[in-house]
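Residue numbers (this note's numbering): 57 to 293.
Glycine is no exception: its CB is placed at the ideal position from the N, C-alpha and C atoms.
Since the model is a prediction, treat every value here as computed from it, not as a measurement.
And the structure:
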């Protein structure tokens with residue numbers, strides 16, 4: 057069975073990102089990376105003091121599938137599954153990986169700083185057979201202490217090592233329903249989010265080969281975990 061993917065986000069956490077001249081930085085980045093981020097670059101107007109993690113620059117592909125955001129202390133590289141029909145997990149991951157490695161290579165060329173932490177987030181939406189809230193409760197919650205709930209949000213944290221790097225894996229599941237849904241109506245979808253990130257207390261400068269090795273392992277880990285959970289919830293339903 058093929059499972060559609062909603063989005064993928066890789067995050068590189070830096071002490072600082074060299075974007076003093078935002079427009080010049082954006083144009084140099086586009087020229088060097090050749091990654092298809094060829095839509096007109098956006099320098100985001102921020103009024104007053106803004107958090108360091110707020111994006112200052114946004115680069116996009118023309119079809120909106122790739123978006124790269126630059127803040128003062130992080131770079132977010134997003135893939136949005138805008139294809140119709142949506143690309144399945146097995147097809148989307150290789151395409152994203154290739155584009156992300158070009159982004160990564162350009163960042164190492166343009167920034168004297170090295171990323172201190174790494175993250176990868178994958179989101180997918182699974183249709184419910186009847187009611188996503190009931191299906192999540194049946195799958196993950198023992199007993200009837202929460203029977204009758206109309207919404208469910210479940211968060212699970214695992215700590216482990218990826219490529220020898222102490223890491224977290226947050227798995228989040230929650231029900232989704234349109235804003236126009238009637239009160240108490242069955243939730244038609246379940247959102248699955250898997251967030252793998254290196255642990256803050258083990259932050260250190262990563263060299264490019266270390267980053268590539270980490271993400272290679274992280275992509276495979278998240279892909280397998282997403283498919284495992286999608287299969288498990290489908291089987292239970």
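Alpha carbon to alpha carbon, how far is residue i from residue j?
i	j	result
residue 102	residue 114	13 Å
residue 194	residue 120	37 Å
residue 199	residue 190	13 Å
residue 125	residue 98	10 Å
residue 130	residue 169	11 Å
residue 183	residue 271	29 Å
residue 286	residue 165	38 Å
residue 95	residue 156	17 Å
residue 66	residue 210	23 Å
What three-state label does DSSP hand residue i in the structure shown?
i	result
residue 202	coil
residue 235	coil
residue 75	coil
residue 98	strand
residue 272	helix
residue 284	helix
residue 103	coil
residue 279	helix
residue 216	strand
residue 66	strand
residue 83	helix
residue 93	coil
residue 197	coil
Sort the options by Cα distance to residue i and report the nearest one.
i	options	result
residue 226	278, 133 and 206	278
residue 178	141, 276, 272 and 251	251
residue 212	228, 218, 109 and 202	228
residue 128	245, 184, 74 and 205	74
residue 175	132, 162, 215 and 108	132
residue 71	237, 256, 84 and 245	256
The ligand HEM and residue i: does any heavy atom of the ligand fall closer than 7 Å to the residue's C-beta?
i	result
residue 248	You won't find the ligand HEM in this model; it holds no ligand whatsoever.
Using a Cβ-Cβ cut-off of 8 Å, state whether residue i counts as contacting chain B.
i	result
residue 260	Note that chain B does not occur in the displayed structure, where there is just one protein chain.
So residue i and residue j are supposed to be a Cβ contact under 8 Å. How far apart are they, rounded?
i	j	result
residue 60	residue 171	In fact, because the Cβ distance is near 30 Å, the residues do not count as touching under 8 Å.
residue 160	residue 264	7 Å
- Item | Inside the segment 118-194 only - beta strand (DSSP E) runs reaching at least 3 residues | 122-126, 130-136 and 173-183
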